[in-house]
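*Asks:*
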Amino acid sequence: MQIVEHRPKRMLISLTSLIDVVFILLIFFMLASSFMKWQFFELAIGESEPLVLNSDEQSLVRIEGEGRYLLNDAEMALPAIVAQVQRRIRSNAAHPVLVQPVGDLPLQQLTIVLEALDDVAKKNVSITRDHR
Amino acid sequence: MRIADTPAKPPIENILPLVNIVFLLLIFFMLAGSFNQPDFYPVDAPVANNKEQADRQYVTLVMNEKGQLAIGEQTYSDASLERYVREQLALSTDKKMNIQLKADAEVKSERVIDIMELLAAAGVDSLRLLTVAE
Chain A
1 MQIVEHRPKR MLISLTSLID VVFILLIFFM LASSFMKWQF FELAIGESEP LVLNSDEQSL
61 VRIEGEGRYL LNDAEMALPA IVAQVQRRIR SNAAHPVLVQ PVGDLPLQQL TIVLEALDDV
121 AKKNVSITRD HR
Chain B
133 MRIADTPAKP PIENILPLVN IVFLLLIFFM LAGSFNQPDF YPVDAPVANN KEQADRQYVT
193 LVMNEKGQLA IGEQTYSDAS LERYVREQLA LSTDKKMNIQ LKADAEVKSE RVIDIMELLA
253 AAGVDSLRLL TVAE
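Heads up: the protein sequence lines correspond to chains A and B, in order.
Residue 60 in the numbering used here is what sits at position 60 of the first sequence, and the numbering runs on without skipping anything.
Counting from 1 along the second sequence, just add 132 to a position and that's the residue number in the numbering used here.
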């Protein structure tokens, strides 16, 4: 009986150079690709609501610094402001909500308030300048 | 004289799992990542979790922490930005311009309001403020 000898298969291409190229591609894609998830807040800028202070017809949210918020000049925590705004919007769907950053407030602080109000007052929120 | 044996080459099977993993990583980065054109000014956008995904079709206005403005590779002063927006609005058929603002998280909010007012004066009626998900 003749036993067929198993000979190792010949590689068609050199594995070393293939791995080199794959490593280079991997490093390129690792460095060049971005995994940032970009989102946005839609801000209506065409028309501005007239500012009426101390009124129940609109909610003026003043941001006086990190963690210091006033709703129609009454200082309260952000979740309480959101709850009040939500109650007002339930009774009047078109209830305007004005967000007013005070002084040199960084945009991140303004974004925190926009994010908090986003679920309850998406269409009603506009940003206003501090005229005081 | 005794000639030293040339060491045997390591078997190719030893590096195959490594090659497999490298291939998987390569496929992951190719499919999951996306390529973005680098901005003219480096910007750390504010962090927020809202549900709206940004659209690449919008004109991206970049504002760095000093409040300087750029669209693509072109920098703009306030006056030249207003002129550019007016020109683009005049050219567009529906008289609309979709702009998204990629502003640095540390820029003053007053500066953002300045740009909102400038765009409103030029005829833009809405603006998207870009944020990055946490």
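Glycine is no exception: its CB is placed at the ideal position from the N, C-alpha and C atoms.
With DSSP run on the structure shown, which of helix, strand or coil describes Gln86 (chain A)?
*Replies:* Residue mapping note: residue 86 (chain A) aligns to position 86 of the first sequence, counting from 1. Helix.
*Asks:* Residues of chain A with a CB under 8 Å from the CB of Ser260 (chain B): which are they?
*Replies:* Here residue 260 (chain B) corresponds to residue number 128 of the second sequence, with the count starting at 1. A small fix is needed here, since residue 260 (chain B) is Arg in this sequence, not Ser. Per Cβ cutoff of 8 Å: Phe40, Phe41, Glu42, Leu43.
*Asks:* Exposed or buried, what is Ala241 (chain B) when buried is set at 16 or more other beta-carbons lying within 10 Å of its beta-carbon?
*Replies:* By 1-based counting over the second sequence, the position of residue 241 (chain B) is 109. According to the sequence displayed, residue 241 (chain B) carries Ser and not Ala. Buried, by the Cβ-count rule.
*Asks:* Report yes if the C-beta of Phe167 (chain B) is less than 7 Å from at least one heavy atom of the ligand MG; otherwise report no.
*Replies:* Ligands displayed in this structure: none; no statement on the ligand MG is therefore possible.
*Asks:* Just tell me which of B:Leu261, B:Asn230, B:Glu214 has its CA closest to the CA of Ala237 (chain B).
*Replies:* Translated into the one-based positions of the second sequence, residue 237 (chain B) becomes position 105. When each option's Cα is compared against that of Ala237 (chain B), the closest is B:Leu261.
*Asks:* So, is the C-beta of Gln220 (chain B) closer than 8 Å to a C-beta in chain A?
*Replies:* Position 88 of the second sequence, counted from the start, is the residue given in the question as residue 220 (chain B). No, its Cβ sits nowhere closer than 8 Å to a Cβ of chain A.
*Asks:* I need the DSSP call for Pro170 (chain B), collapsed to helix, strand or coil.
*Replies:* In the second sequence, the residue the question calls residue 170 (chain B) occupies position 38. Note: Pro170 (chain B) maps to coil in three-state DSSP.
*Asks:* Quick test of your reading: Phe29 (chain A) and Gly165 (chain B), contact by CB under 8 Å. State the CB separation rounded to the nearest angstrom.
*Replies:* Residue numbering aside, residue 29 (chain A) sits at position 29 when the first sequence is read from its first letter. Residue numbering aside, residue 165 (chain B) sits at position 33 when the second sequence is read from its first letter. About 6 Å; that satisfies the 8 Å criterion.
*Asks:* So for Ala237 (chain B), helix, strand or coil by DSSP?
*Replies:* The residue labelled residue 237 (chain B) in the question sits at position 105 within the second sequence. Note: Ala237 (chain B) maps to coil in three-state DSSP.
*Asks:* Which first and last residues belong to the alpha helix (DSSP H) in which Arg129 (chain A) is found?
*Replies:* Locating residue 129 (chain A) in the first sequence gives position 129, counting from the first residue. Neither: Arg129 (chain A) is in no alpha helix (DSSP H) and is coded neither H nor E.
*Asks:* Is the distance from the Cβ of Ile231 (chain B) to the Cβ of Leu259 (chain B) below 8 Å?
*Replies:* The residue labelled residue 231 (chain B) in the question sits at position 99 within the second sequence. The residue labelled residue 259 (chain B) in the question sits at position 127 within the second sequence. In this structure, Leu259 (chain B) lies closer than 8 Å to Ile231 (chain B) by Cβ.
*Asks:* I'd like to confirm the pairing. Which residues does DSSP put opposite Glu75 (chain A) in its beta bridges?
*Replies:* By 1-based counting over the first sequence, the position of residue 75 (chain A) is 75. Paired residue(s): A:Leu70.
*Asks:* Which residues, taken in chain order from the segment 21-40 of chain A, show a beta carbon closer than 7 Å to some beta carbon of chain B?
*Replies:* Val22, Phe23, Leu25, Leu26, Phe29, Met30, Ala32, Ser33, Ser34, Phe35, Met36, Lys37, Trp38, Gln39, Phe40
*Asks:* Do Ala265 (chain B) and Asn181 (chain B) have their C-beta atoms within less than 8 Å of each other?
*Replies:* Here the question's residue 265 (chain B) lines up with position 133 in the second sequence. Here the question's residue 181 (chain B) lines up with position 49 in the second sequence. It is a contact, given that the beta carbons lie within the stated cut-off.
*Asks:* Judging by CA-CA distance, which residue of A:Leu25, A:Leu26, A:Ile63 is the nearest neighbour of Gln108 (chain A)?
*Replies:* Along the first sequence, one-based indexing puts residue 108 (chain A) at 108. Checked all of A:Leu25, A:Leu26, A:Ile63; the closest Cα to Gln108 (chain A) is A:Ile63.
*Asks:* So, do the segment 151-162 of chain B and the segment 118-127 of chain A have three or more beta carbon pairs nearer to each other than 8 Å?
*Replies:* no
*Asks:* Name, please, each residue of chain A whose Cβ falls closer than 9 Å to the Cβ of Lys240 (chain B).
*Replies:* Reading the second sequence from its first residue, position 108 is the one you call residue 240 (chain B). By Cβ distance, chain A contributes Pro101, Gly103, Asp104, Leu105, Pro106, Leu107.
*Asks:* Near Glu66 (chain A), what residues of its chain come up, given a Cβ to Cβ distance below 7 Å and the 5 sequence neighbours on each side ignored?
*Replies:* For the purposes of this step, residue 66 (chain A) is taken as residue 66 along the first sequence, with counting starting at 1. These residues qualify, in order along the chain: Gln109.
*Asks:* Ile19 (chain A) touches chain B at which residues, Cβ-Cβ below 9 Å?
*Replies:* Counting from one through the first sequence, the residue named residue 19 (chain A) turns up at place 19. Those within 9 Å of Ile19 (chain A) in chain B are Ile147, Leu150, Val151, Val154.
*Asks:* Kindly identify the DSSP beta-bridge partner or partners of Arg218 (chain B).
*Replies:* Numbered from its first residue, the second sequence carries residue 218 (chain B) at position 86. DSSP lists no partner for Arg218 (chain B).
*Asks:* At which residues does the beta strand (DSSP E) containing Gln39 (chain A) begin and terminate?
*Replies:* The residue given as residue 39 (chain A) occupies position 39 in the first sequence. 38-44 is the span of the beta strand (DSSP E), which, as asked, contains Gln39 (chain A).
*Asks:* Please confirm whether Arg179 (chain A) has its beta-carbon closer than 8 Å to some beta-carbon of chain B.
*Replies:* No information on residue 179 (chain A) is available, as it lies outside the stretch 1 to 132 that chain A covers here.
*Asks:* On the criterion of 16 or more Cβ atoms from any shown chain inside 10 Å, does Asp118 (chain A) qualify as buried, or is it exposed?
*Replies:* On the first sequence, position 118 is the one that residue 118 (chain A) refers to. So Asp118 (chain A) counts as buried.
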